[in-house]
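Novice:
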Amino acid sequence: MKTLALALTIPAVLVVATIAQPHKISAPLIGAKLPDFRTKTVDGKEFHFYGLAGKKAAVFYVMGADCPIAKLSLPKLAALAKKYEAKGVAFVAVNPNGSETDAQSLAAAKAAGVTFPVLPDREQKFVDYVKATRTCEALVVDGQATLRYRGSVDDQYGLGSRKPKASKTYLTDALDALLAGKPVAVSSTADVPGCLIDRNQPAPPAPTSGGARGEGEPEPIPALVLPEVGKVSYSEHVAPILQERCESCHRPGQVGPFPLQSYANAKRWSAMIGETVNNNRMPPWHADPRHGNFANDRSLSAKEKATVLAWVKQGTPEGDPKKLPKPKSFVAGWNIGKPDVVLKMDKPFKVQATGVLPYKWFRVPTGFTEDKWIQAAEVKPGARSAIHHVLVFLDDKRGGVPNGLDGFVAEYVPGESPMVFPEGIAKKVPKGTDLMFQVHYTPMGTEQVDQSELGFIFAKEPPKEIADTIGILSLNLRIPPGAESYKSSRSFTVPVSSTIYSYSPHMHVRGKAFRMSATYPDGKEETLLSVPKYDFNWQTRYMLKEPKKVPSGTKILIEAWYDNSSKNPHNPDPTKLVTWGEQTFEEMMIGFIDVVSEGNKTQQLRMQNFLGGLGQRRRTGQ
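For the sequence shown, the positions run 755 to 1376 when this note's numbering is used.
1) Measure the C-alpha to C-alpha separation of Y903 and A835 and round it to an integer number of angstroms.
2) Could you give the residue range of the beta strand (DSSP E) that holds Q1192?
3) Any chance you could list the beta strand (DSSP E) runs of at least 3 consecutive residues sitting entirely within the stretch 1088-1112, in chain order?
4) For G912, collect the residues of the same chain with a Cβ closer than 8 Å to its Cβ; drop the 5 residues on either side in sequence, then sort them by chain order.
5) If you drop the 5 nearest sequence neighbours on each side, which residues of the same chain put their C-beta closer than 7 Å to that of L929?
6) V1066 and S1016 look like a contact to me (Cβ under 8 Å); what is the Cβ gap, rounded to whole Å?
7) Please list the terminal residues of the continuous beta strand (DSSP E) segment that includes A1213.
8) Could you tell me the distance, in whole angstroms, from the CA atom of P698 to the CA atom of N1050?
9) Taking a contact to mean a Cβ-Cβ separation below 8 Å, would you say F1147 touches Q1192 in this structure?
10) Are there 16 or more other CB atoms within 10 angstroms of the CB of G1367, so buried, or fewer, so exposed?
11) Look up N1032 in the DSSP assignment and say whether it is helix, strand or coil.
12) How should E1300 be labelled, buried or exposed, when 16 other C-beta atoms within 10 angstroms of its C-beta is the threshold for buried?
13) If R1264 and D1317 are in contact, beta carbons under 8 Å, what's the gap, nearest whole angstrom?
14) Pick from D1348, N851, F1268, Y1195: whose alpha carbon is nearest that of H1045?
15) Let me confirm a value: D1074 is counted as buried when at least 16 other C-beta atoms fall within 10 Å, else exposed. Which label applies?
16) How would you call W1115, buried or exposed, if buried means at least 16 neighbouring beta carbons within 10 angstroms?
17) Grab the span of the beta strand (DSSP E) containing Y903 for me, first residue to last.
18) May I ask you to list the residues that DSSP assigns as paired with D1149?
19) How far does the alpha helix (DSSP H) with I823 in it extend, from its first residue to its last?
20) What distance in whole Å lies between the Cβ atoms of R1005 and P1013, which are believed to be in contact at a cut-off of 8 Å?
21) Which runs of the alpha helix (DSSP H) spanning at least 4 residues fall entirely within the stretch 836-917, listed in chain order?
22) Report the partner residues of Q1202 according to the DSSP bridge assignment.
23) Per DSSP, what are the beta-bridge partners of I1226 in this structure?
24) Considering only the beta carbon of each residue, do V813 and S859 sit closer than 8 Å?
25) Find out if the Cβ-Cβ distance for the pair V1350, A1221 is shorter than 8 Å.
26) With 16 other CB atoms within 10 Å as the buried threshold, where does R1244 fall?
27) Can you tell me which of the three DSSP states R953 falls into?
28) If you check the beta carbons only, do T1273 and K1241 fall under 8 Å apart?
29) Using the DSSP secondary-structure output, state which residues sit across from E1393 in a beta bridge.
30) Take T1070 as the anchor and find which of V884, K1185, R953 has the nearest alpha-carbon.
31) Quick check on E802: buried or exposed, where buried means 16 or more other Cβ atoms within 10 Å of its Cβ?
32) Could you check whether T1196 and H1142 sit closer than 8 Å to each other, using their CB atoms as the reference points?
33) Does DSSP put T1308 in a helix, in a strand, or in coil?
34) Taking K885 as the reference, which of A807, I951, L1078, M1198 has the closest Cα?
35) Could you name the residues of the same chain whose beta carbon sits closer than 6 Å to that of P871, not counting the 5 residues immediately before and after it, in chain order?
36) For a test of the three-state rule: what should DSSP assign to I779, helix, strand or coil?
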């Protein structure tokens, strides 16, 4: 095995290259020798690239102190370094983010257990030379300073996806091949899942394209026709949009991985803002606007989207700070007001720093000695940044764990408003009931402590109408290995005239698309909700601006599509047959509706729903 040589006839200083577009499999520089350079580490020590002479290989990892994916991946690099340094491999981190300080880099490295050198690249010469565009990229050079691999560390974490463990270990495969004196089989990956580098001069977002649809899947949401908006500035044009569309999550103590309440923060994350707005990943909203009119619609208008993209393209001008809107105020405590009762987990739960956790269940007794009518309910998570969702179920005292098939009494999902019913409408919590908190934790790079709680506001008097959550579901899931567009459906005939207040689709990580439609007694058909690109990360409750009245005899059809192929980046194992189950590596198919029935005959809805599901299972023999 050759070791790193010093006698290379190449320039001793890195040259500045132009900003590159994201590299693909045919990424340049593979097989090229990297030039020598000297710099200081973030803690002030001297670093000399060719001073690594004698090493069999070196790994350069592009890090970001604040990038949420880097926070998950950096501890993995720290562990790999301890394993491979003994085999003659050097590890080095490089932070090119223009607005991150040495102190931030040092703190992030320390939190991840990193002991190898961390280099600042504030002028972005290194990443320009190697044409890196995102954090979390690993570059491997051999003993002759020749680039042999570049790309993802592995496939465990991605933009909006995570797996219990990696199924492809690109970095260690490359190192093992080099140490064995063999060619590297995969020299680069198709893409890198990290955050866009915080460029001194932000590049405009790259265009995106959609994937292929299966037969019968909902039509994609049409692209917005963006108007010309002329010159824009943060203070006058962009800040109001961020306030209304982003700050509910992107502020301290909330689920957003970084705040967006100042020009400095918006400029720092402008590249990622441009990318996520351009490809409609943010703000998170997945309903087709052609079907339904929703009170909690978070999507950007054509003018808002054009304004944000123009601001990034024009170099993120600040404008006149005097034109900034008045800061938006947020409720510090309970959004529903002071609860009549607060119920919480009996003890704190430690959320590990990395990896994937199965759903956790926590029993919370109510102590109610009489039936209670709930006018409003709010779940307040104790560790928002590490919680994907909290669902609160009523324990039926029949043994086992509630499965949510008949709905839930309250929920927390990032970006959603708490449940508040109009006056005269309430949900029932029977006396003696225990609550079961189902919590989906998502580790975010550092250990967190959670002790979530639930607040109830009681109706002042027994309600005129009883609200309920009905789950229209299909238990007969058998998703074949490799299937790109497996369809499941279930119909439900409404036995009594009812009023629907919201729709909530629920699938897991293989969920691809969802549609809810109605056929009325007169034969008229209507699409109630269409989600052409389902995203498990956002369990949205689509709250109607105007409640939907459905007469007795209306047939509601639920259709769901699943991608169990290797093309789905969220898929933990495309070789497995997938059936119904609570965990994210299993699947569910539920269309929840918040509903009030005429004459408070909700039990008839429940019974009809139960019999319909039972009949479907008998027909399919599952």
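Glycine residues also receive a C-beta, built at the ideal position from the N, C-alpha and C atoms.
Specialist: So, from the listed chains and residues:
1) 17 Å
2) 1188-1195
3) 1095-1098, 1103-1105
4) I823, P947, P1323, H1324
5) A811, Y838, V843, V894
6) With 8 Å as the limit, V1066 and S1016 do not qualify as a contact, their Cβ atoms being about 17 Å apart.
7) Per DSSP, A1213 belongs to no beta strand (DSSP E) and is neither H nor E.
8) With the chain running from 755 to 1376 in the structure shown, residue 698 is simply not present.
9) yes
10) buried
11) helix
12) exposed
13) 6 Å
14) F1268
15) exposed
16) exposed
17) 901-905
18) Answer is none; D1149 lacks a bridge partner.
19) 822-838
20) 5 Å
21) 856-865, 879-883
22) V1105
23) G1345
24) no
25) yes
26) buried
27) coil
28) no
29) Since the first residue of the chain shown is 755 and the last is 1376, residue 1393 is not available in this structure.
30) R953
31) It is His, not Glu, that sits at residue 802 in the sequence shown. Exposed, since its Cβ has fewer than 16 Cβ neighbours within 10 Å.
32) yes
33) coil
34) I951
35) T795, F801, V846
36) Here the model assigns I779 a pLDDT of 35, short of 50, so the residue's position is not dependable and the matter cannot be decided.
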